[in-house]
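Here's the structure, in structure tokens; my notes come after.
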Amino acid sequence: VLTHITYGHFLVLAAVLFAIGAIGVMVRRNALIVMMAIELMLNAANMTVLVFARMHGDMGGHSFAFVVIAVAAAEAAVGLAIVVAVYRARGHADIDRLGALKH
Amino acid sequence: MMARIDQVLARAGQVLARAGKARLAPAWVLTLAISLLLVAVGSWAPGNLAHAQVAPGDQGDHAGHDHPEQAGDAPAAPEGQAGAAAPEGHGAATPEGQAGAAAPGARIDATLTDSSPGAALFFWLFALMVVGGSVFVITRRNLISAVMGMVGTFFAIAAVFTMLYAHFLSAIQVLVYAGAIMVLFVFVIMIMNKPEDHPWGRVGTFGNIAAVALVLYLLVRMGTVLWNVPVEPRMVRPPSRVAITSGIECPPPEQPVPLELERHCPDFGTTKAIGDSLFHEYLFPFEAVSLVLLIAVIGALAVARPHEKSPAAPTASTPSPNA
Chain A
1 VLTHITYGHF LVLAAVLFAI GAIGVMVRRN ALIVMMAIEL MLNAANMTVL VFARMHGDMG
61 GHSFAFVVIA VAAAEAAVGL AIVVAVYRAR GHADIDRLGA LKH
Chain B
104 MMARIDQVLA RAGQVLARAG KARLAPAWVL TLAISLLLVA VGSWAPGNLA HAQVAPGDQG
164 DHAGHDHPEQ AGDAPAAPEG QAGAAAPEGH GAATPEGQAG AAAPGARIDA TLTDSSPGAA
224 LFFWLFALMV VGGSVFVITR RNLISAVMGM VGTFFAIAAV FTMLYAHFLS AIQVLVYAGA
284 IMVLFVFVIM IMNKPEDHPW GRVGTFGNIA AVALVLYLLV RMGTVLWNVP VEPRMVRPPS
344 RVAITSGIEC PPPEQPVPLE LERHCPDFGT TKAIGDSLFH EYLFPFEAVS LVLLIAVIGA
404 LAVARPHEKS PAAPTASTPS PNA
């Protein structure tokens with residue numbers, strides 16, 4: 001297992017990365033850290049796509065990962081704009097205290 | 104007030120450090136635990152990818168046999184064999200015995216490059232960097248150090264992409280993520296220049312532990328499923344014209360590939376191949392992404408624009424101009 005790297009190793013690595021990102025999203029309170037954890041999860045998904053592209057010898061996975069990277073950039077831009085707007089309005093970016101839509 | 108998880112992890116670190124006489128930071132304890140879990144999942148999951156079977160005589164591997172005309176077209180029998188053997192896990196004793204009796208060297212290795220110790224060493228190095236960097240990111244209180252850890256993690260992910268023969272996407276990863284998106288994060292952190300006093304969620308110790316346990320369960324299930332992905336021999340193609348270990352003499356990239364070598368020397372992962380794929384097969388998604396980026400720029404400007412009452416904020420338009 002240690003010296004014989006297979007596709008499974010890469011896939012499990014992507015799963016670990018996704019899990020760490022999910023932990024970050026659930027456990028942290030700062031909106032910026034949560035967004036960074038979301039970026040980690042997107043990267044894990046990208047890694048999985050690339051492993052399968054490599055496995056099948058199909059370049060379509062690379063195109064898919066390319067599109068995912070572009071959409072992640074758009075998501076980061078809009079999300080950070082929302083964080084900035086919330087911070088201006090509230091003075092903090094603590095997602096546990098942003099429950100105004102709950103009531 | 105440090106978090107409860109942090110305290111628990113620090114206590115675990117002290118317990119661990121009693122043997123090693125060294126104080127372990129909580130992040131490193133978590134990194135170590137997750138890495139060990141990675142190894143454990145890898146070693147215990149049955150029917151892993153390295154044992155996909157191939158019939159004797161079929162040259163599905165790229166490990167240096169000299170019949171390139173046979174290399175890609177696996178016959179139907181070993182395909183069915185491998186497809187049937189992989190989901191059964193370790194119960195696949197009979198095909199292993201058959202293959203071992205017929206030809207000892209006939210099992211293919213579904214490895215990415217080869218099974219050399221160097222590739223394994225670099226894989227584990229980059230995997231440790233990815234896991235450690237991401238754990239570093241989600242455990243920091245200082246946002247700037249979290250961003251710096253994120254940049255390191257993205258470099259390691261780019262290295263992993265390179266190991267997957269995705270050279271172009273590796274460069275894009277460094278340019279877009281480590282270059283553009285992280286700069287955006289730094290901008291926003293500089294705007295909201297305020298330390299957080301309660302970094303962890305207020306769901307309590309039980310909630311945090313339950314969240315971590317559920318995610319670890321998710322990780323184990325996901326890792327097991329992904330590890331057990333059946334690999335048929337015909338899926339294992341020679342990687343690219345950067346074919347270091349394929350054993351097939353591919354022409355250099357500036358020369359055209361002869362027709363009989365075309366399926367063995369694909370331009371996998373190169374910019375040319377990505378361009379072919381993007382502009383022929385996936386032209387509409389490509390154009391749609393450009394529209395999405397335009398909408399995102401306009402939306403980010405509209406959302407982050409300061410209102411009339413707030414004082415003039417010169418940093419209002421920072422989240423827009425990326426990508």
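Residue numbers (this note's numbering), protein chains in the order written: chain A, 1 to 103; chain B, 104 to 426. Ideal Cβ positions, reconstructed from N, Cα and C, are used throughout, including at glycine.
Inset, instruction - Alpha carbon to alpha carbon, how far is V238/B from A222/B? Give it in angstroms, no decimals. - result: When rounded, the distance between both Cα atoms is 24 Å.
Inset, instruction - Specify the secondary structure class of D58/A as computed by DSSP and reduced to three states. - result: D58/A falls in the coil class under three-state DSSP.
Legend entry - Bridge-paired residues (DSSP) for D94/A: Note: D94/A sits in a beta bridge opposite N30/A.
Inset, instruction - Ignore the nearest five residues each way along the sequence and tell me which others in M41/A's own chain have a CB closer than 7 Å to its CB. - result: The answer, listed in chain order, is F18, G21 and A22.
Legend entry - Member of M59/A, M36/A, R54/A and I5/A whose CA lies at the smallest distance from the CA of G236/B: Minimum Cα-Cα distance from G236/B among the listed residues M59/A, M36/A, R54/A and I5/A corresponds to M36/A.
Legend entry - Spatial distance of V234/B from P388/B (CA atoms): For V234/B and P388/B, the distance between alpha carbons rounds to 32 Å.
Legend entry - DSSP three-state assignment for F264/B, whether helix, strand or coil: It is helical.
Legend entry - Counted within 10 angstroms of its Cβ, other Cβ atoms place Q276/B as buried (16 or more) or exposed: The residue in question, Q276/B, is buried, as its Cβ has 16 or more Cβ neighbours within 10 Å.
Inset, instruction - Find out if the Cβ-Cβ distance for the pair A81/A, V406/B is shorter than 7 Å. - result: Contact flag set, yes.
Legend entry - Proximity winner among G252/B, V250/B, A259/B and H383/B, relative to L231/B (alpha-carbon distances): Closest in C-alpha terms to L231/B, from the list G252/B, V250/B, A259/B and H383/B, comes A259/B.
Inset, instruction - Any chance you could list the alpha helix (DSSP H) runs of at least 4 consecutive residues sitting entirely within the segment 217 to 252 of chain B, in chain order? - result: Given a length threshold of 4 residues, each whole run of the alpha helix (DSSP H) inside the segment 217 to 252 of chain B is given here in chain order: 220 to 242.
Inset, instruction - Taking only the alpha-carbon atoms, compute the straight-line gap between A44/A and A14/A and give it to the nearest angstrom. - result: The alpha-carbon atoms of A44/A and A14/A are separated by roughly 5 Å.
Inset, instruction - Could you tell me whether any Cβ in chain A is nearer than 7 Å to the Cβ of G402/B? - result: So yes, G402/B belongs to the interface.
Inset, instruction - Please decide whether L11/A counts as near chain B, where near means a Cβ-Cβ distance under 7 Å. - result: With 7 Å as the cut-off, L11/A counts as an interface residue toward chain B.
Inset, instruction - At 8 Å on the CB atoms, spell out the chain A contacts of L287/B, in chain order. - result: From the beta-carbon of L287/B, the residues of chain A found nearer than 8 Å are A76, A77 and L80.
Legend entry - Candidates R54/A, A77/A and N46/A, of which the one nearest I401/B by Cα: The residue with the shortest Cα to Cα distance from I401/B is A77/A.
Inset, instruction - Report the residue from G252/B, V323/B and L272/B whose alpha carbon sits nearest the alpha carbon of R54/A. - result: For the residues G252/B, V323/B and L272/B, the minimum Cα distance to R54/A belongs to L272/B.
Inset, instruction - Measuring alpha carbon to alpha carbon, tell me which of L50/A, R88/A, V12/A and A100/A ends up nearest M295/B. - result: Checking every option, the nearest Cα to that of M295/B belongs to R88/A.
Inset, instruction - Drop a sphere of 10 angstroms on the beta-carbon of V328/B, count the other beta-carbons inside from all chains shown, and report buried for 16 or more, exposed for fewer. - result: So V328/B ends up on the exposed side.
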